[in-house]
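Scroll down for the structure; my scribbles are underneath it.
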Amino acid sequence: MAIKIGLAGSHRTGKTTLAVAIAQEKNIAFVKTDTSAVFKQYGLHPSAPMDFNMRLWIQNHIIEAAVQIWQSEPKDFITDRTPLDFMAYTLADIQGATEVDFAALTIYLNRCFAVTNQLFNLLVVLQPAIPLVYEPGKAALNPAYMEHLNVIIRGLCHHDELTCPTMIIKKDIIRLEERVAAIFDTGSQQHIF
Numbered sequence: 001m002a003i004k005i006g007l008a009g010s011h012r013t014g015k016t017t018l019a020v021a022i023a024q025e026k027n028i029a030f031v032k033t034d035t036s037a038v039f040k041q042y043g044l045h046p047s048a049p050m051d052f053n054m055r056l057w058i059q060n061h062i063i064e065a066a067v068q069i070w071q072s073e074p075k076d077f078i079t080d081r082t083p084l085d086f087m088a089y090t091l092a093d094i095q096g097a098t099e100v101d102f103a104a105l106t107i108y109l110n111r112c113f114a115v116t117n118q119l120f121n122l123l124v125v126l127q128p129a130i131p132l133v134y135e136p137g138k139a140a141l142n143p144a145y146m147e148h149l150n151v152i153i154r155g156l157c158h159h160d161e162l163t164c165p166t167m168i169i170k171k172d173i174i175r176l177e178e179r180v181a182a183i184f185d186t187g188s189q190q191h192i193f
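For the sequence shown, my numbering gives the first residue as 1, with consecutive numbering after it.
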């Protein structure tokens, strides 16, 4: 069976670093997504406020770009973003008074679940735990917002539409080597490696 691992979680949780480490250890391709580049392509910034229609619009462009990248990888791979991440950022923008085209939102969410189920055979959630480091062009370093996203992603892992297996790295597992080991030492996941 092909290995198709997606790392999910809030921004600044070490997904890219972990993906590179796993790719090297398991000799599989690292497929990098670049949501910041999609924002930039359309003249937006990831941490800039935007209304919900704009959020849904850019998130649709992000999933389109990511699917093209993931589908172009014919062999085993690991990637540093998943459709669950995209859904979480979209859902996090909804507040009690937010005007939402619920039909358009539902279509988007269903598309994200379908892509996940079709293209991945394991999702690994990294929770906010490592020290935060500012980098230009990256999303806001707001620990409360990051935890908000974390809770949404963890909830999406239990959604009825998701059939892809998931695992969550505990918050106290911070060192890179421990994170790699946590994924590969889990007996229930060893069958795909």
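Positions of the beta carbon are idealized from the N, C-alpha and C atoms, including for glycine.
Item	Value
Span of the beta strand (DSSP E) holding GLY6?	4–8
Pull up the distance between the alpha-carbon of ILE3 and that of PHE30, whole angstroms please.	11 Å
Are PRO46 and SER36 touching if we call contact CB-CB under 8 Å?	yes
How close, in whole Å, do the beta carbons of PHE52 and VAL20 come, if the pair is a contact with beta carbons under 8 Å?	Going by Cβ atoms, the distance from PHE52 to VAL20 rounds to 34 Å, so no, they are not a contact pair.
Is the separation between the beta-carbon of PRO165 and that of PRO143 shorter than 8 Å?	no
Just checking my contact of ASN150 with SER10 at CB under 8 Å: how many whole Å lie between their CB atoms?	5 Å
Would the stretch 113–124 count as touching the stretch 90–104 if we require 3 or more Cβ pairs under 8 Å?	no
At which residue ranges does the stretch 52–96 contain complete beta strand (DSSP E) runs of 3 or more residues, listed in the order of the chain?	77–79
Which term fits GLN59, buried or exposed, when burial requires 16 or more other beta carbons within 10 angstroms of its beta carbon?	buried
What's the gap between the Cα of VAL67 and the Cα of HIS61?	10 Å
Out of THR16, ARG55 and LYS75, point me to the one whose CA is closest to ILE28's CA.	LYS75
Using 8 Å for Cβ pairs, my map puts ALA182 next to ILE173. What's the rounded Cβ distance?	5 Å
Let me know if ALA103 comes out buried or exposed under the rule of 16 or more other beta-carbons within 10 Å of its beta-carbon.	exposed
Here's a check: name, in chain order, each residue in its chain whose Cβ is nearer than 7 Å to the Cβ of GLU73, leaving out the five neighbours to either side.	ALA29 and VAL31
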